Structures are given as C-alpha cells and as structure tokens.
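6 protein chains.
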Amino acid sequence: MSASTFLGLPALGDTQLAEQHPDVAILGIPFGVPYPSPGHTAGCADGPAAIRARSRRLANFADHHDFDLDAPMLVGSPPLRVVDAGDVDGAPDDGPGNATRAESAVRSMLSAGVVPIVLGGDDSIPIPVLRAYSGSERFTVLQVDAHLDFRDEVAGVRDGYSSTMRRAAEMDHVGRIVQVGLRGVGSARTSDVVDARAAGNLLITARELRTRGVNWLLGQLPRGGPVFIVFDLDGLDPSVAPAVSGISPGGLAYDEAGDLLGGVAERCRVVGAAFTELVPALDANDVSALVVVRMVMRLLAGVDRNR
Amino acid sequence: MSASTFLGLPALGDTQLAEQHPDVAILGIPFGVPYPSPGHTAGCADGPAAIRARSRRLANFADHHDFDLDAPMLVGSPPLRVVDAGDVDGAPDDGPGNATRAESAVRSMLSAGVVPIVLGGDDSIPIPVLRAYSGSERFTVLQVDAHLDFRDEVAGVRDGYSSTMRRAAEMDHVGRIVQVGLRGVGSARTSDVVDARAAGNLLITARELRTRGVNWLLGQLPRGGPVFIVFDLDGLDPSVAPAVSGISPGGLAYDEAGDLLGGVAERCRVVGAAFTELVPALDANDVSALVVVRMVMRLLAGVDRNR
Amino acid sequence: MSASTFLGLPALGDTQLAEQHPDVAILGIPFGVPYPSPGHTAGCADGPAAIRARSRRLANFADHHDFDLDAPMLVGSPPLRVVDAGDVDGAPDDGPGNATRAESAVRSMLSAGVVPIVLGGDDSIPIPVLRAYSGSERFTVLQVDAHLDFRDEVAGVRDGYSSTMRRAAEMDHVGRIVQVGLRGVGSARTSDVVDARAAGNLLITARELRTRGVNWLLGQLPRGGPVFIVFDLDGLDPSVAPAVSGISPGGLAYDEAGDLLGGVAERCRVVGAAFTELVPALDANDVSALVVVRMVMRLLAGVDRNR
Amino acid sequence: MSASTFLGLPALGDTQLAEQHPDVAILGIPFGVPYPSPGHTAGCADGPAAIRARSRRLANFADHHDFDLDAPMLVGSPPLRVVDAGDVDGAPDDGPGNATRAESAVRSMLSAGVVPIVLGGDDSIPIPVLRAYSGSERFTVLQVDAHLDFRDEVAGVRDGYSSTMRRAAEMDHVGRIVQVGLRGVGSARTSDVVDARAAGNLLITARELRTRGVNWLLGQLPRGGPVFIVFDLDGLDPSVAPAVSGISPGGLAYDEAGDLLGGVAERCRVVGAAFTELVPALDANDVSALVVVRMVMRLLAGVDRNR
Amino acid sequence: MSASTFLGLPALGDTQLAEQHPDVAILGIPFGVPYPSPGHTAGCADGPAAIRARSRRLANFADHHDFDLDAPMLVGSPPLRVVDAGDVDGAPDDGPGNATRAESAVRSMLSAGVVPIVLGGDDSIPIPVLRAYSGSERFTVLQVDAHLDFRDEVAGVRDGYSSTMRRAAEMDHVGRIVQVGLRGVGSARTSDVVDARAAGNLLITARELRTRGVNWLLGQLPRGGPVFIVFDLDGLDPSVAPAVSGISPGGLAYDEAGDLLGGVAERCRVVGAAFTELVPALDANDVSALVVVRMVMRLLAGVDRNR
Amino acid sequence: MSASTFLGLPALGDTQLAEQHPDVAILGIPFGVPYPSPGHTAGCADGPAAIRARSRRLANFADHHDFDLDAPMLVGSPPLRVVDAGDVDGAPDDGPGNATRAESAVRSMLSAGVVPIVLGGDDSIPIPVLRAYSGSERFTVLQVDAHLDFRDEVAGVRDGYSSTMRRAAEMDHVGRIVQVGLRGVGSARTSDVVDARAAGNLLITARELRTRGVNWLLGQLPRGGPVFIVFDLDGLDPSVAPAVSGISPGGLAYDEAGDLLGGVAERCRVVGAAFTELVPALDANDVSALVVVRMVMRLLAGVDRNR
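Residue numbers (the working numbering), protein chains in the order written: chain A, 629 to 935; chain B, 629 to 935; chain C, 629 to 935; chain D, 629 to 935; chain E, 629 to 935; chain F, 629 to 935.
Next up, the structure:
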C-alpha cells in the first residue's frame, strides 16, 4: 500500500531524513500570515492537499515519456532520490509557531543536504523558508509573481505576503532578486517600486518577458550559481491557472513558466523552491493544481539533468 | 439616475443622517478580523457589493406582490423609510481603524434613531457593531450560525470570528443569547459549549429547530422586546447558500430562516442586524446573494408591520 | 511533520499492521471494474485523494465538540485507535491484479483484527472487499444506493458495479442484504428486482425511508449483529452530493444518511464499510467530498460508542 | 442508426403524423416572446436540445424498472406509442411567425389525436400552444410556477411570459386555472393577484402545497377531466433545478413535482403539457435537464396507466 | 462612508453635474433592445452592478503603481476628475422610455463637458448613446466586437444589437467606423459585409489584428481626432472573458485589447465609450468583470495622459 | 418541423443512404472501449448529443458570412450535400457489438460514396472507423492529440484509446501517420515513442507546431492525397477546450487547429474524420462543444472548396 504522497513518491518520516538523505523532498506548508483585515488571498491552506491529490493521476505516468523533455522526467544515474516529507504541522491559531516550525523543518532538510520543494500556503511562506537558509552561501532569488511584494509593512505586519521580497532582500544570504511577471495594480506603491530597484532587484513585467523571451531571462541568472525559486501561482495568466485570489489578466503563458523553471534548474543550481497561492476552491477541473504538478515535474527534471 | 444601492433604495450621504432620520439603513462593512494563520473564511470582503448587485434585479419588483407575505413588502403608512448608507470606509491594512470606523458608523445611526442592517464582511463584524450599542437598553441577541463562536481567544486574537458570541456575552447591554443552527464540528471545544451554556445562552442545533419548529423558537424570544440578529450565512444548508467558507451540511432550510427573521421582526423589536460570511467567489448563479437579499426583505417587511 | 492522511490520522505502514493492530483503518481503493463500453460512471479514481484532501480542513477540529453528537467524535477510553493505511497499489492496466491486491489488503486487516473503512473507487469495489471476508461469520450488508446493482452480468462482466449486490448475495458469509435509497431508473430490469426480493433482500426506496423513518430501518438490522456498509454516494440527493455520475434526484437527505450510519454503528457491530462513486471533477466547493468525510466521522463516532 | 431524439424515441416526420397517429408526441419549441428591454429570462432557446441530450443517457434504461413506479415506465398493452416530432422551425427574427408555426404544429397534432408534450422555450410558449386548442372541449390548466404570470400587458406586449395565465384565462376553452408554487416577488402586482382570484383561479403557494400535500391539490382537479399542464421549471426549488433565470428559493421539492405530474396523469386526462424556462448555460452537471426528463417520464407513465 | 461606486470614485448626483463638471463620468445603462424571439444575448442587465462590485477590490489600489503603465493610473495635474453617475433609471417594461432616458442622460453629460464611459447593458446600448452626440463634431467610431452588427433590421426591430453599427453609420456626426475582432459566424450575411465596406467601414478580423499588430491599427485612427469606443466584450477571446452570450473562440488577447484602448486614449481624443454584453451569471471567479474594470482603467490612464 | 440534427442539417434515415448519396454525413458514435480498471477518460458517451445541442444555436447562421473564411461556409455549386445520419445504435453492455455496428455504419457510408465525419465517443472510436476503410486506397492519418496512443496493449485490451495509432499503423490501407500536439506525460513509454518513429510516424509536439507553423505541417501532408483526421479534443489547450479528461496544459491554440483542419481539407482530400473525447459534464458555458462545432464547420468549408 502507498501513502497519498506527491506523484506516489516515497513518504519520508521525521526520523528518516538524516539516514536516508534524499536529494530532494516535497514539503507542504499549508498556512501563511494574514493581515488584520480580511483581504482576498486566503483559502490557500488546502493547497498542498489539492496538489498532491491531483498528482495522483500522474503517478503511473511518472516514469513514462515526457514529450516536453523528449525523455522521461528522471534519467540520471544513480536515480535522483525524491521523497515526500508530508506537511509541516500547523494550527490555525498559532501563526508564529507555524512560522517557527516551517523554518525548522526546512533547516533540518538543509542540514541533511536535501533540496526542499515547498507547496504552500500563501505567499508569505517563503519568508520563514528563506530564513532557514541563514548562514548558507549567498543565492539569487527568482520570483514569478504578478505582484512586487515589497511593502515594508502592511498594518504593522512585516511578514505578510505583500512584504516577501523586501524581507528576502534584507537577508544576508540573499543576493540579487529577479522578479518576473509583474503587471496591473496591487499593494505596491510607486515608492515600493523605487525601493526594489534601488535594492538592485531586476523587475521584468509579464509583457517584457514575452518580448525578450525566456532565454534572455535565463541569461540574467548566474550560470551554475545557486538560485531559490518563489513561484506565486498568480504569476501565470488566469486562463492557465484560474485558482488564485490575486487574479490578474495578462500573465505568463504555460510554456514560458515551464521553460523558465526547467531552464533555471538545468543552467543554475536550484537550492530550493516554493509554490504558493493556489486556492483549490476556485479551481476548474483541477487544472491549476495540475499546472503546479507539472511545474514541479519540470523542476525535478532540470535538477536531475544538472547533477 | 440612481446609485447602485440595495434594492434601488435612496442613497444616504454622511451628512444627511441627522436631518433625514430614516427608519432603517443598509450599511456595508466589507471586512473583519482574521487570525494569524490563514484559515478558510476570507473572501467576504466582496460581500456587500455582491449582495447589492444581486438586489438590483429585484429593484423593480420591490413594491410588487410578495407571495411569502401575501402583500407587498412594505404596507405601512406612513411608509417605512429605508435608505442605503453605503460602505464603511476600510483599508486592508488597518484592522483596528476599520473596527473603530464600523463602530462609529453604527453609533451615528443609533444616535439618529436609525435601525442598522449591516452587510458583512466576516463574522467578526458583529463585535464592533454590537459595541456601538453600549449604553443602550439591554437586548437579546439571536444568532443564526453553524458554529458557536465562543472561543475566548484564538492565537491571542480576541475579536475574531470564533469569539463573536463570547464578546457579545461580555457586553453589559447584551442580555440573553439565542444560538440556532449549530451542527458538525468547528473551532468550538466542548469546554466552550459548557461556557456558553453557563453564560445562559440557549443553544439550538439545526436538527432541534427542525423538530421543534420556528414558532417554538420565536416563543423563546421576548415578545415586544429588543433583539439584535446576527445571521452568519453558513447557518443555512449548503444547498440553499453554497457560497460560504465554513460550509456545513445539514443546515437551516430557506423557509425556516425566512420565517425566523420575519417572525422576530413582527413579534419582537429588531434593534439591528448583521448578515455575514457570504463569499461571492464561491456562489453559483448568485443564489446565495439572492438568499441574503430575500432575508433582508423579510426582515424589512416584519419591521414595517411591527410599527 | 505529518503525512496527508485522512483527518490527519497516523499513517500506517504495511509492516506495522500486526504489531500495532489499530481498531479501525482507512484504506483507499482508487479503482474499479468498468464495462466494455464507456458509460458515465468513471472518474472515481480520484476519490480517495479528494476525500483525504477535504478532510485536512477538519483535522484541527477532530477532537472538538461535534454538535451532531453533542460531544467530541471520540469519547471512549482507551481511545479508539484509527489509522490511515494509504491506498492499495493499483495500475490502470491491471484490473484483475487490482482486485486481488484490494482483497488481499482487506484480508490482512481482518487478520489483524482491524475494521476497514474503504474509500473508493467505483461501486464494484465492494466485491473484492467483501470477498476478503470469506470464512468469517455471516453478516448483514446494508447498501445505500439509488440503484439495485443486481445484474448477473453486463456484457459478460460479472464483477462490475451493476452486479455488486448480486455477487454479495452469492457469498456464504453474506446474510441478509438491506438496500435503501432506490429510485428512478438504472441498469436494473424488473426481473432483477424480482430476483433480489427472491434472494431475501429488503428493498427500501428513498421515499419509503422518508415515510417510515431511519429508526424503523435501524429496527430491521440485527441489534448487536455484524453489518457491512456499502455507501454509494449517489444514494444521497444531488443537492447534498452533486459529484456523482449516476445522479438521481429524490435521494436521501444528509441527516437521514448520517443518522443511519451513526445508528448502525451504535446499535449493530460494523465489520467494515466502503464509500464509493465520488467523482471529484464534478464537485462544487468540495461539498460532496466533505459529506463523505462527515459520514466517516459519524461512523467512527458510532463505533467508538459501541465498544 | 437512431436520431438524437428524446429518450431515443422514434422520430416522426411531418408527413407521418396522420398515418401513424401516435398517442403522444414530444415537440420542441425553442423560442418565446421577449419584452422591449432585456430582462433575465432568455437563454431558453437551447432548452429542447439540452433536454434531449440529457435524455440520451437514460435511453437504454427506458424500459427498465422505475423504482418511483415499482414497474417500468410503460406497462400498458398495446404499448403507448410515443414519438419525437422534432422542433418547430423558428427564426430569431420572426416572433409572430414562430408563434404561428408553433400553434399550427400543435393544431396538427390535435387533429391527429396526438397529445403534445412541448419542450420550451420561455414561458410565453404556452400561449400559442393553448390557442391551438380553440374549439376543443373546455379543460383545466394546472400551472407549476414561482410566478403568477397574470399581467395584462408589459410594455405593450400582451403575449409575453408575464401574461401567460391571463391570456389562458381569456380563452373560451380554458376552464379553471390552478396555479401552484407561488412565492417571493416578481412581475405580479397585488392588483394582478386580485384579478387572478376574481377570474376564479386557485392560487397555491409553494408553502401551502407543503402544508396541504400533493393529494389535496390533486383533489382540486377534476377526476377524469381534461387538464393541460404548464410546468415552468422555476416552480421547483433552486436546489432541485438551478438552471433557470427567474430563480426563487423556497420552491417545490422533486417528489412533490413528480407526484403532482404523475398523479394528474393518472387521475385526470392530460390533453397536453409544456415544460418551459430551462436555461442550459446555468445548469450544473445537467441536473436541471435531467429533472425535466424525469418529469416527462412521470407524465408518460401516468398517461400510460390511465388508458 | 462611501457609496458602492466604480473603483470607489465619488458618486455624482443628478443635480451636481453642471456645478462640478468632472472630466469623466461612469454611467450604468443596464438594459437594451431585444428581438421578438428570445435569442441568447440577454442577462446583461446585471452588468453594471457586477462591474462595480468587482472594481471594489481594486479601490484601495487605484493610486498604486500600475505595472502596465509603469506609473499610477492617474498622474496628471490637476488630477483628472472622474465620478460615478450611477445608473440610468430603467424599467423592464419600457424599452422606448429607457432609450430616451439613456440618450438624455448622456446628452446632459455632454452639455456639461463630461466624457461618458458607459457600462451596459446589451450591445444595442450604443445606439441611444451615440444619438446623444447629434450636433457634435464628427468623430470616428472604434468598435471591438466579434460581430459586424450591420443588419438594417431584424424582425422589424431597427435598434437591436445586430444593427448598432449600421445605425451609427447613418448618423451625421459619425465619421469612419473601424471594426476590429471580427470572426466566425453571426447574424451578418455576406450582403451586410458588402454594405459595411461600401459605407467606408474598415473591417479587421481578430486574426488580422494579430498579424498586423495594435500599432498598425492605431495608425488607422486620426491622431488627435475624436473617437468613440464601442467595446463589446465578446470581441475578446473566451479564455479572457468567458461571460458573454455571443461567445466566439479566436478573439482578441488581453494585451491587444488593453494596448488598443490605452493607445487610442493617448493618441486620439476619446469623446466617449461603451462597454457592453457582460453576462455576470456566466462568469468564472469574476474574471470577465475584472477585465472590464481593467479596460476602463487603461482608458482612464490614456485620457489622463492626453490632456 | 426539424429534427435535432447537427447545425439543423437534414436527417438521413438508414434506407436513404444509397438513394440520396450525400457528399458528407455526420455520424454519432457515443461509446468506446474502456480498460479493466477505471481511468479518467469516460463520460464521452454524451459527446454527440452535446455537440449537436450546441450546434443548434448556429443553425440560423450556417449560411451567413463566416469571417474566418471571408465568405459563407458553403459556396460551391452544386451545393455540398451534408446530412446528419444520427447515432450508431449502441448499448453500454455490448462493447464488441458496438464496435461492429460502428464499423458497419461507416462501411455503408463509404460504399455509398459518403465521407463520414464521426462525433465520438472516446478515442478508441477511430479503430473500428478506420477498419471500415479496409480495401480502400491507402491514406495518411493526421492525428491531433496530446498523447501518442501507441501502446500495443494495456491490460490485455488491444483496441483501447491508448492503442489507437498503433492499431492504425498496422492496417494495410493506412499509410503515414502524422501526430501533432504531443506534450506532457501519458500512457506512452519511451519505448512506444521509439516504436512510433520506427513505424515511420511523424511526431510533432505542440511546441514544435508553434515554432514551425501550420503551413509547414500542411507541407508534410500529400497535396491532393487522401487523409483521415483523428481529432482528440485534448490536443487543444485547456483554455480553448476545458471539457476533456486527459487534460494537458500547453496545447494547440484555436487558430492553429482551425487552420490545420481547413488547410488539410482544402489542400488534401479528406476521406473521413473523427472528433473524440469531449466530456460535456466538464464543460464551461459549452465552449468546448462550440469549438468542436466550429472545427467541423472549418472542415466542411475546406471540403466544399476542394471539389
């Protein structure tokens, strides 16, 4: 019998991390940090479960031919060892504790030499995840998102989803931040844009990506260098991934996003990733959850080929 | 030309309250108080707009024959004066300020002798609304809800939607609390149920209401006495009002809810009401928004007949 | 960290069954036996994953007050030990092997004294599940379903979902079969109805249940005697559980089904259960999956109180 | 090969009516009469096609056991001959011509001794259909509808869907009109209600039907006498049939409607029927279309047993 | 407190127009002119309310950074004064009166020097709107639409949505008509296409726009000259704006439409605009309403920069 | 009166084929061949009915101007004679018989010189359809599909939808197979890809088509030569046609598919076509069904121009 893991991957118990030291581990973090007045971005707590549920349909196909790669997902030898580490324990009434547990879970993985692929949760999740890397080498952060997330605080909350990239920019181990998919209006004021640019961030709108192409963007990233990926699902166009709260027309196409993730994983060195902001209750025929599954598969294929 | 008001009612400007002193005013409060980790109950901020939007289709019928009353909605003379006071100004980043403004807006209405009918917003909204009544006569609170909302605090938050009825119970001007529609599981622990009963609250499950009937419940309320109604939409069955986050099968039927609201308004004296927890993004053919519209119409009809 | 189990229950590995011998185990069987021409009843393979995914939202509430019980779900001492045993391994291209593995998995549980609660999968799943009981004491089968499922064969297929109850009737260890929820038209011909009655089955339409009441039906079941429950989700009304292929208006109400499951578990002795026919792609706001979760909770509560 | 007919019934060509003189014929009339300003009740033009499409899934079951009848749909000997006569030819730009063709098509059927079962189209369709009966014996009209449809005219339009019952009341061959399912507000003013009652119509709200029961209502209809049925789908509750424009909570239950149609057909003499107001684009899992199919099946079963 | 206006803009009372003379006013016209037989294009009456409701979520962001502009929406000084003038009063039973009131409302605005941005309503709405400009300077009409709308009459109706561009072509104050987005089949016969071309209209299919680009099209419009925009939402692709009746695959992309509106407003002189054919009941996650909101924002930004 | 045929085309009775010998006939084959364990691809049995139902809305427009052709659909003289031959009779319990009847129906058409356009049904349907061509001239097969369908067998089933192209490749009368739209993962293993290439198949991913263009692909097909088209709806992108089970992001755009079908029909000689895998229950606003209707119209237009 098999547990309900991502793509039917082996489940990894808490105590098995050090002894098994897999290459990559899927980790669910089904929560986040809200603001003092309800906005529209909750409902993400069901994200990891919905992504795993949708991935079950592809479990039998995981070693079949992937036409996007013209090969199976994993071809390396010895095989890339990928596991599902389950969800970080969380409680709706313990935000700080949740963040601490999330940071701790990622830190354990890093100690064991495991690359974490996080399934959120809202887009504040990358803050504790990135904090777990403190003391590590410096890495680039590649963010796919419709929004800048560079507010210093909102209503006194400093670790909310509108501040993710500003918090990241403040961390010693975070180098350049590349932000792609920007469009429309959101929480960012023009002063925040000025600040982000002053911090050295590279801002690329969804339209610029369409004009310049994914390969141009890949060229902006350090070949062979370490990169952490923050993938907010609303970076994609609503016709690709409708199940998000911060819905914004004019987003990335499916191929653009897949090429970007696959390309980063092949050309740079992915040290971790977080996929955030899926709201399953808004999905149609589970297509948004499927898109996340496929993005993770592209990422795994790239990591596999880059060993 | 007419503004986009509830049922096409006259819009009331801020300064017109004292001079016009209408009998009843619709007031949108499109926010609430979330918890430190995202749950599933946000998305209510679109509630007032969706309710007003759906009510527009009935605007031309508002003085037609209402078969649920065998008469038009309003029959009294002079006519009941009902207005739409718009929305309380709010900002996603200012929870405390939002609560203060909500309380202040309601207090102004009460000073002018206006009965407020509040459209939420999440189910923490009744806390500031009820606070605005401080100093008034004591009144009964009738809550329609699947949940008890009697936690003392959740994650240090004391004014969240899981504490609404406990906060109400602590107010001097709140008398007995009658809670109807309870079922399934939620944030309430058995100790909270014990506390609620110890506080004198009357707890009635959805099933008990079906067994005993609405008239029995009306008999528990003070004839001619003041009552404030808290109507959390998840008190209704999902087949009646699917667009809620805290969805719970086995809820109140449409007629039960309508008879309850109409009956309270006719037999007691409604001093205010709040309709909460509509999540428009989850609605189907706008039927949940329509149900709220009809509930408000039943309430207005009862108030009209009770003068 | 916790695996993505039903209600956050402990995950049970293959080898842990004998040593831990829990009281009850959840077991996913995400497949079934189709007919030689596509009908409309597939899409159930996603069922177990969707049910587990929806149950995650209730995981924090599982020991809270359940108003349908006026107590928490589990109150017995020592606590009822319930685990999630994951999914039976299956492959889309190995129907016979799947059935063998399903039967074997259930048989292992029975040998270890564990009561299996199966999440399907289509409504042919109960056939291998019931076969695993061969050699056991005789028990009653209680089927909730809109359909009779008493065809001897369809297109030469004898173990398909239209033959489930006929296959059950042929097993030595199956005693009386009680079939409730029947209505409308389906694969059953009048001759099949004659056969079912001749076999001693008690047939109760959804309307008869409404007239006679759940307590009457419970009186037809052996007090203290062993009962296996087959719960085809289309036994419920479409307004309660829309996500089924064999949709049929006029079905059981939510309370009727909950009272029936809870009542059987408290008054008889449940030796196993199978919940079948959820098609997640047809669900709305995941309400059908939630209904299955709640039915399982009612069943667990009854088992807990019946020790 | 078989045409795409209702339930797979034989298709009847224009010229075959007189020679074959079937007992009953299904007839699609996919249009209606709108008002000079767009309301919300269009989209019905797809109705007949959607009803036929959904009925195809039941075609193989049409002679199986119907548990609502405890027998197959048709049991009489010789067999009731039912055919599908296709759709009346219509053009979106020829309202008067459409009405004339509809009336003419029905008149041809009546001349051939065929009972027409009409699939609409909006609820103005019964006007030309009923006109086709001029010169026939007097019959009762049983209307199932949330609305009164008794306006003399709306914006100068006299044959629109808000005037259907008033037009019927003016026809010499129409006797008493029984209107059931009334609730909420609509186009009817209180003066229209007064007029309807003055015309001798029996008005029964949805709630009165629930209180008094279907059998009481059947007792109001002439035993053995001729009855024409106008079934506006919005007479049903939205949880039963969501796909209507004039949606109104609190409507008839599925069993109430089925018993009413089956009962009328068995006890009275059905001279024709029209099912109107299905808007397929608003349907969910095609359940509303299925409900219409089942209503027609109940009607056919009653007609079959009443020969 | 604030009224439920578009983007939270100030509400403008009837009498304030002349004294305040804002630059631009939003005006809802929630009706239209149907044909004598129901087609499929109704349901638009809810359009203005749905657009305003969706815009509320962006109200707090309206002065934030718009990445599509790399600046906030409004940057001019003194600030562009934009107000919401509410809805034209209409009645479902008074088509001619509605048209008269619509024309009169627009005429009042024009007299006060206000540019009207109309939210429909069906696509016949531009006829009375354009009539209000009689006596003004001649202007170009830019129509975005899948359909030609150049029938002389349909069923005797001359002011319906299939005749909008022909009626416009007949007006003295209308100069060249540029029609973009054409594709598929609709009410237009080849003779209508011949007529439109003979009238000097420039017809551009959706595919031609993709090939030639938006800048080419902008070059066809008079630099600095007056232009009225008719934006039928079905001009967009269904994946961008699913909530239309006249749905037609292969339509304009989101960026094409946004660039077109923004470009026209910046390069020409927009004298008015009408957005039509949104059917909220068909929307998914309100994305179509959001697209309209964003189109209006692009238009306002262009007007602001073009002063 | 007219039957519910595709686009309102004349219905063709069984006996009329030889005497009328139309040029093209629409033929519904609403079934297929499933695997021994339920996958996710059923629900297609409603396909032909849903496609016909959606086509009814275009029936009045079928001879209007088609802007994708800049002319009406049919312009040839004498007119192309297209009929609707209804559905092949099938039974859910007779897979082999269904296949035999499907093959026989197509064979009769071919004998009468009629080009069949088949509406499925699942993607195993082309196997019996192609078998009906045995003895005919050799032709190219053009498959549009996300999947390779080149498994030799799955679970012992050789004629299932994962083997369609392998079965085709084995037929003497099938020449080269061109497979376009491939992407993602499915049932195909890398060995199957090797086999398909070894068999001489031309494999083109969806991305290659975007890069090389439709005209390049048309150049790979034999000018003037015979071609049979297998159009699996999941070849299209989910944003174009969401109603499929084997949903796969990154698929063909609407224009690519339309140009391909129209181009093949104009440049080659279409000897038949099959459209498969529509699952109506998963559709949104019937847009997927509409896309199939439009694809058939493009095909008919090409055939018409190629005489």
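For every residue, glycine included, the Cβ atom is placed at its ideal position computed from N, Cα and C.
Treat the numbers as computed from the prediction; the structure is a model and nothing was measured.
For a cutoff of 8 Å on Cβ pairs, would you count residue i as touching chain A?
| i | result |
| --- | --- |
| ALA677 of chain C | yes |
Could you check whether the Cβ of residue i sits closer than 8 Å to any Cβ belonging to chain E?
| i | result |
| --- | --- |
| ARG709 of chain B | no |
Would you mind telling me which residues of chain F sit closer than 7 Å to residue i, beta carbon to beta carbon, in chain order?
| i | result |
| --- | --- |
| PRO866 of chain E | VAL915 |
Taking 8 Å as the CB-CB cut-off, is residue i touching chain F?
| i | result |
| --- | --- |
| ALA942 of chain D | Nothing can be reported for residue 942 of chain D, as the shown portion of chain D is limited to 629 through 935. |
| VAL924 of chain A | no |
| ASP715 of chain D | yes |
So residue i is in the beta strand (DSSP E); what residue range does that whole segment cover?
| i | result |
| --- | --- |
| ILE875 of chain D | Premise fails: ILE875 of chain D is in no beta strand (DSSP E) and is neither H nor E. |
| ARG804 of chain A | 802 to 810 |
Following the continuous alpha helix (DSSP H) through residue i, name the residue where it begins and the one where it ends.
| i | result |
| --- | --- |
| ASP823 of chain F | 818 to 826 |
| GLY723 of chain C | 723 to 739 |
| PRO754 of chain B | 754 to 759 |
Residues of chain E with a CB under 9 Å from the CB of residue i: which are they?
| i | result |
| --- | --- |
| SER815 of chain A | ASN688, PHE689, HIS692 |
So which residues on chain D does residue i lean against when the C-beta distance must stay under 7 Å?
| i | result |
| --- | --- |
| ALA827 of chain C | The contacting residues do not exist; ALA827 of chain C stays about 15 Å from chain D at best. |
| VAL919 of chain B | PRO877 |
Could you list which residues in chain C have their beta carbon closer than 8 Å to that of residue i, in chain order?
| i | result |
| --- | --- |
| ALA912 of chain B | ALA912 |
If we cut at 8 Å on Cβ distances, does residue i have a partner in chain B?
| i | result |
| --- | --- |
| THR818 of chain D | yes |
| ASP751 of chain C | no |
Just the chain A side, please: which residues come within less than 7 Å of residue i by C-beta, in chain order?
| i | result |
| --- | --- |
| ALA909 of chain B | LEU910 |
If we define contact as Cβ-Cβ less than 8 Å, is residue i a contact residue for chain C?
| i | result |
| --- | --- |
| ARG835 of chain B | yes |
| PRO662 of chain F | yes |
| ASP862 of chain D | no |
| ARG684 of chain A | yes |
Which residues of chain F have a Cβ atom closer than 8 Å to the Cβ of residue i, listed in chain order?
| i | result |
| --- | --- |
| ARG811 of chain E | PHE695, ASP696 |
Starting from residue i, find everything on chain E with Cβ-Cβ shorter than 7 Å and list it in chain order.
| i | result |
| --- | --- |
| ASP777 of chain D | Result: empty, since nearest Cβ-Cβ is about 14 Å, beyond 7 Å. |
Which chain C residues sit within Cβ distance under 7 Å of residue i?
| i | result |
| --- | --- |
| VAL821 of chain B | HIS693 |
8 Å is my cut-off, CB to CB: does residue i come that close to chain D?
| i | result |
| --- | --- |
| SER632 of chain F | yes |
Hey, which unbroken runs of the beta strand (DSSP E) at 3 residues or more fall wholly within the segment 645 to 687 of chain F?
652 to 657
Please give me, in chain order, every unbroken run of the alpha helix (DSSP H) with length at least 4 that falls completely inside the segment 866 to 928 of chain B.
882 to 895
Cβ contact check for the segment 680 to 692 of chain F and the segment 744 to 751 of chain C: 3 or more pairs under 8 Å:
no
Is there contact between the segment 789 to 804 of chain E and the segment 876 to 894 of chain E, where contact requires at least three CB pairs shorter than 8 Å?
no
Note down, one range per segment and in chain order, each beta strand (DSSP E) of at least 3 residues found wholly within the segment 767 to 796 of chain F.
767 to 772
At least 3 beta-carbon pairs within less than 8 Å: the segment 905 to 918 of chain D vs the segment 854 to 872 of chain C
yes
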